[in-house]
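Enquirer: My structure is below; once you've seen it, I'll send some questions.
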Amino acid sequence: MKKEYDVLKEHSAHWLRQCDWVVRYVCSSRIYEALQTLRTMMEATETGGSWMDLLDEETYTYNRMIEFMMSGTEDPQRPMLYRKLSTNILLIADQIRVLITSSSYRRQQQSECLSVFPSDASLRDFVRPLLDYTDNLAVATLMGVKSDEAMRLRFRHEEDKQRLFVAVWTNTQWSPEDREAANELLHEKHLRETDICMLVGAVLLSLLSCFDPYKLLWILSAYEHESAQISQRALVGLAIAVQMYHERLSLYDEIEYRLQYLNEKPYFGEDLCRVQIQLLRSRDTDKIDRRMREEIIPEMLKSTKRQFDRNRDEELIIANPEWQDNPDSDIAKKMREITELQLEGSDIYMSSFAHLKSHSFFRQISNWFYPFDREHPDIVRITSGEPNALMDMIIDAGTFCDSDKYSVCFAMSSFPQEAQRMMLDSIANDIQSAEYKEEVAKFNGRPEIICNQYIHSLYRFFKLFPFHTEFKDVFAESLNLYDYEIVRPILRKPALLYNIGIFLFRSEHYEEANRIFETVIELRGNGDAELYQKIGFGYQKEKNYREAIKAYRKADLLRPDNVWTNRSLASCHRMIGDYATAFSYYQKVYEVQQDNRQMIFQMAVCLTELERYDDALSWYFKLHYADENDVAVCQGICWCSFVAGKYEQAFKFNTRALDANPHSSSDLLNLGHLLWVTGRGAQALEAYRASYIHRDKTIDWRTTFLKDSRYLIAQGIKPEDLPLMVDAAGMNAE
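Residue 390 in the working numbering sits at position 390 of the sequence shown, and the numbers go up by one each step.
Following this line, the structure appears as structure tokens:
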């Protein structure tokens, strides 16, 4: 058989797709096609070997199964055999995938780390050197924290744990002996908690390379570990494994049974829901990074003045103030938003630490999965083994994930001691108090904090590890666990789904949020007004106005005459061109908020579109008397006056609009209309030409002009003159 790393070098993408098809065939009960695809693949690439022998066995088994079925022979074992056949086919496909994706980095790590062990070394062999580390280090540090013996032990421990990590990561299938050893490790008192945490990461990485049901079962066992550090890492590993392998998991009875067992515990569904939200939050890391850079300074209060436009521009969609517990100023909201991002666990430091991952520490793959450890030789070396109050404060604060904690230490090691003392002196003294340290310890020990920080560390591995392109980026996946059959009984509960939906809604993933909200209503058998409001809001944000109207009307039935609902209904009806209905809803809002200029303005716009120009003018003038400098109102009066033939009034308000913005293309266009219909064609052409020069180049000016054709024709312009004027305006205009 050809060497693994040379076999599928050419055309690997094609064969990877074939592996994917095998999985789809098996999960769709198309066993014959799966067997044929595998055989074609293995023959074409000469990767058969022992796996070809297994394929021959499974093909024979399947043919015999069909023969027995056709003969009418009853076989109570057939379902079990069929499932075993399916999982064996997937096993072969996974092994072929490993051959295809085996990278140079993986081979190099295997060569360097595993060469000191015999080829048949078991998992126990790799763990054994780690068992006495804690006791030996305790003795060695009696001679000094940085004694030669203590440092030798630390560096040897680093080598030993790296070998263990690589051995687990590159192992595609645990043997029965390995399974037994792995289960024993979860209860090994002489193995450091940090080493077991690292082992959880190695098992996850191995699972992502090649599916092994026993490794997933081990992750489920690790979730039940008494250590929160271990259990929360296992929970994240479980969620990611479900994302990667959800199609096939129902083929493994023991995995299903274990999940059913855990689902009987009320906390499991809540834990998995929390991880689901935290994983979904990671999808917004880039967006949050931009927000941190661009929106920390609160936006200035925006003017309510709007440019008048007769087209159906959507007005600002405002979230219902009733959804907020404490309405506040825009500045306070923005500042609170940033604070909440951090408290909720959003990754606000990704870009800050990205450039600090060049230290040699981060070239060792195991270090990306290792909890922060003050006994790590690289940390001991830069701290001289002495307490560092500033570094301790930063590390213990719970702000950074483990990966960033290492980065902080390496960065701070270059700070002069005097600078560190000055930084420490600038911080309140109470951070060194026993009460403060106790509170910090409690915060850092909370499962949700551990879990979220681990996700942040994983995110950095898949995005920043020097060889990250050789691994499938799990954070590029959908991460929608609630869609998958295997965990549906766990997450498909109204309260849990509602929490996920609210997170998606607040993160502006409206389409997904609506899908979940509608499922919540289906499971509950009913919905409440606020839920329908949120569904309507989501549809409106997605510009699906008709569905938004349906949801808002349901909200209106449950909570009649709600001002926000009426305003939203008015806006949606206006956007679909139903101005009469929109006007009626705006009137309802106006009855409650008679000083709301925006509502009055929209009422006037609706009346304009309904060609009730005199009525529209009365509302526009109501606004104008309150604020003579409102440009949008001047534009509205100008247009209604023009259409109604009140040219003097139209000229007056057109002039006011142009005084505010002499280069407004729409106002110059209106000036051209006025000049043309009053017999001043040459001047009209100049106005049109100016409008053309200052046009929005993303919009066809000719189309904009011709939309007003009927109004010009109604006031005496000949239809045949319209295209001539349009051409003349554009000729030599620039």
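Every residue gets a Cβ at the ideal spot worked out from N, C-alpha and C, and that includes glycine.
Going by Cα to Cα distance, which pick from 361, 285 and 365 is closest to residue 346?
Expert: 285
Enquirer: Please report the straight-line C-alpha distance between residue 537 and residue 319, rounded to a whole angstrom.
Expert: 8 Å
Enquirer: Tell me whether residue 639 sits in a helix, a strand or coil according to DSSP, three-state version.
Expert: Correct three-state label for residue 639: helix.
Enquirer: If you follow the alpha helix (DSSP H) that residue 704 is part of, which residue opens it and which one closes it?
Expert: 701-706
Enquirer: Please list the terminal residues of the continuous alpha helix (DSSP H) segment that includes residue 573.
Expert: 563-575
Enquirer: Does the distance from the CB of residue 736 to the CB of residue 58 come in under 7 Å?
Expert: Lying outside 1 to 734, the shown extent of the chain, residue 736 is not represented and no answer is given.
Enquirer: For residue 363 and residue 553, I'd like the C-alpha separation in whole angstroms.
Expert: Distance between the alpha carbons of residue 363 and residue 553 is about 58 Å.
Enquirer: Determine the burial state of residue 627: buried for a count of at least 16 other Cβ atoms within 10 Å of its Cβ, exposed for fewer.
Expert: exposed
Enquirer: Helix or strand or just coil, what does DSSP make of residue 724?
Expert: helix
Enquirer: Can you tell me the Cβ-Cβ gap for residue 379 and residue 409, rounded? I've got them flagged as a contact below 8 Å.
Expert: That pair is a contact at about 6 Å.
Enquirer: Touch check for the stretch 267-277 and the stretch 486-498: three-plus C-beta pairs under 8 Å?
Expert: Three or more pairs of CB atoms, one per stretch, sit closer than 8 Å, so the stretch 267-277 contacts the stretch 486-498.
Enquirer: So residue 654 is in the alpha helix (DSSP H); what residue range does that whole segment cover?
Expert: 647-660
Enquirer: Where does residue 552 sit, in a helix, a strand or coil, going by DSSP?
Expert: Under the three-state reduction of DSSP output, residue 552 falls in the helix class.
Enquirer: Curious, which full-length alpha helix (DSSP H) runs of at least 4 residues does the stretch 583-613 contain?
Expert: 597-609
Enquirer: Do residue 405 and residue 361 come within 7 Å of each other at the CB atom, strictly closer than that value?
Expert: no
Enquirer: Does the Cβ of residue 714 have 16 or more other Cβ atoms within 10 Å, making it buried, or fewer, making it exposed?
Expert: exposed
Enquirer: Check whether the stretch 205-222 touches the stretch 146-164, counting contact only when three or more Cβ pairs, one atom from each stretch, lie closer than 8 Å.
Expert: no
Enquirer: Looking at the secondary structure, which residues open and close the alpha helix (DSSP H) in which residue 793 lies?
Expert: Because residue 793 is not part of the residues shown, which for the chain are 1 to 734, the question remains open.
Enquirer: Nearest-angstrom Cα distance between residue 625 and residue 637?
Expert: Near 12 Å, if we compare the C-alpha coordinates of residue 637 and residue 625.
Enquirer: Sort 619, 173, 74 and 133 by Cα distance to residue 156 and report the nearest one.
Expert: 133
Enquirer: Let me confirm a value: residue 116 is counted as buried when at least 16 other C-beta atoms fall within 10 Å, else exposed. Which label applies?
Expert: exposed
Enquirer: Where does residue 213 land, buried or exposed, given buried means 16+ other C-beta within 10 angstroms?
Expert: Result: buried.
Enquirer: By DSSP, does residue 678 sit in helix, in strand, or in coil?
Expert: coil
Enquirer: Alpha carbon to alpha carbon, how far is residue 653 from residue 695? Give it in angstroms, no decimals.
Expert: 21 Å
Enquirer: Taking Cβ positions, are residue 566 and residue 585 nearer each other than 7 Å?
Expert: yes
Enquirer: Would you give the residue range spanned by the alpha helix (DSSP H) that residue 213 belongs to?
Expert: For residue 213, the uninterrupted alpha helix (DSSP H) segment begins and ends at 213-223.
Enquirer: So, under 8 Å CB-CB, residue 122 and residue 181 are touching, yes? Tell me the CB distance rounded to an integer number of Å.
Expert: 6 Å
Enquirer: Taking the Cβ atom as the reference point for each residue, do residue 130 and residue 178 lie within a distance shorter than 7 Å?
Expert: no
Enquirer: What residues in its chain sit with their C-beta under 7 Å from that of residue 683, if we drop five residues either side in the sequence?
Expert: 675
Enquirer: Check for me: the alpha helix (DSSP H) holding residue 368 runs from which residue to which?
Expert: No alpha helix (DSSP H) holds residue 368; DSSP gives it neither H nor E.
Enquirer: So, for residue 163: in the same chain, excluding its five sequence neighbours on each side, which residues have a beta-carbon less than 7 Å away from its beta-carbon?
Expert: 113, 114 and 126
Enquirer: What residue range is occupied by the uninterrupted alpha helix (DSSP H) comprising residue 381?
Expert: Unbroken alpha helix (DSSP H) run through residue 381: 377-383.
Enquirer: Mind the definition here: the stretch 11-25 touches the stretch 59-75 only if three or more C-beta pairs lie below 8 Å; say whether that holds.
Expert: no
Enquirer: Go ahead and pull the three-state DSSP assignment for residue 1.
Expert: Low local confidence applies: a pLDDT of 41 at residue 1 is under 50, so the model's placement there is unreliable, with the coordinate-based value given in what follows. It is coil, neither helix nor strand.
Enquirer: For residue 254, which residues in the same chain have their Cβ closer than 8 Å to its Cβ, ignoring the five residues on either side in sequence?
Expert: 213 and 217
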